[in-house]
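Colleague: I am attaching a structure below and will ask some questions about it afterwards.
Numbering (the working numbering), first residue to last: 3 to 299.
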């Protein structure tokens, strides 16, 4: 049976691969477990999680007080009896809350880049990151560990679509990202907002979500309607120049004088209308027709 790829197996796979590579070079990285002073340990500055659920930490601290720390954290030596966390910052924080002064830890000797990748992969796989923290973790793995989305997908065991959707979150307005991070809106709302690429539109819909408590389906409907093709603009017809009302009254008076009879002139707002020439007898009609004939000639 073919050997299973280490990709996608998380920290354990990375450590196993690191050990195999070291043994191939004639080196054997330390895998010892020791009880370390909490004061000698510092968090990893590359940790993608920037906030921790206080209630969950308290629950873990209570558990640690009762039964101790079941799973050791993983650290690396940084010199002079100091250590940096590779994986397990949540356990480290809870142990401090529980009043412990020491903590069991695996000590690894690994390169800086491997530490970086281990910490990011470990946290993305094992910690309950909010979507923005997860997206930032993916972006850091891509930028700082030279990974493609496909390689990243294999590393963390997530499909490429999920990773791509998380990375797109980082293009949303800052206010939307903050709301998602604080769980004021859901990942479903954020994905619906990504249906439009216009930041102003995203911000407008986001404000409506907060104001009217829109469901994800409602947001999807709004975005879908906004994305409907707009009907082509109707070409304007030829410009119709209309006379001022005062000019029409003067024209009516002028025609009445020309035909020596009452002339009616009616028009609508668009400038369309008709002329009515009054006559009192057949003789007067013949006179008016004669005048018109002369005008034609």
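Note that CB positions come from ideal geometry on N, CA and C, so glycine has one too.
Residues in the same chain with beta-carbon distance under 7 Å from residue 32, minus the five sequence neighbours each way, listed in chain order, please.
Modeller: Legend: pLDDT at residue 32 = 45, less than 50; position of this residue unreliable, value from coordinates given subsequently. Same-chain partners within the cutoff: 109, 110, 111.
Colleague: My guess is that residue 228 and residue 203 are in contact by the Cβ rule of under 8 Å, so how many angstroms apart are they, rounded?
Modeller: 7 Å between Cβ atoms; contact.
Colleague: Measuring straight from C-alpha to C-alpha, what distance separates residue 124 and residue 182?
Modeller: Between residue 124 and residue 182, the C-alpha separation is close to 22 Å.
Colleague: Per DSSP, what are the beta-bridge partners of residue 39 in this structure?
Modeller: Residue 39 is bridged to 104.
Colleague: For the segment 87 to 95 and the segment 38 to 48, state whether three or more C-beta atom pairs, one from each stretch, are separated by less than 8 Å.
Modeller: Result yes; three or more Cβ-Cβ pairs closer than 8 Å.
Colleague: Please classify residue 172 as buried or exposed, where buried requires at least 16 other C-beta atoms within 10 Å of its C-beta.
Modeller: Under this definition residue 172 is an exposed residue.
Colleague: At the level of alpha carbons, what is the spacing between residue 288 and residue 282?
Modeller: Rounded to whole angstroms, residue 288 to residue 282 spans 11 Å at the Cα level.
Colleague: What is the C-beta distance between residue 151 and residue 165, in whole angstroms, given that I count them as a contact (C-beta under 8 Å)?
Modeller: That pair is a contact at about 6 Å.
Colleague: Is it right to say residue 155 is buried, meaning 16 or more other beta carbons lie within 10 angstroms of its own, or is it exposed?
Modeller: That one is buried.
Colleague: Given a threshold of 16 other Cβ atoms within 10 Å of its Cβ, counted over all protein chains shown, does residue 277 qualify as buried or as exposed?
Modeller: Exposed is the call here.
Colleague: In whole angstroms, give me the CA-to-CA distance for residue 59 and residue 68.
Modeller: Whole-angstrom Cα-Cα distance: 14 Å.
Colleague: Roughly how many whole angstroms lie between the Cα atoms of residue 294 and residue 233?
Modeller: Straight-line Cα distance between these residues: approximately 49 Å.
Colleague: For residue 176, count neighbouring Cβ atoms within 10 angstroms of its own Cβ and tell me buried if that reaches 16, exposed if not.
Modeller: Exposed.
Colleague: So residue 79 is in the beta strand (DSSP E); what residue range does that whole segment cover?
Modeller: Segment 75 to 81, the beta strand (DSSP E) holding residue 79.
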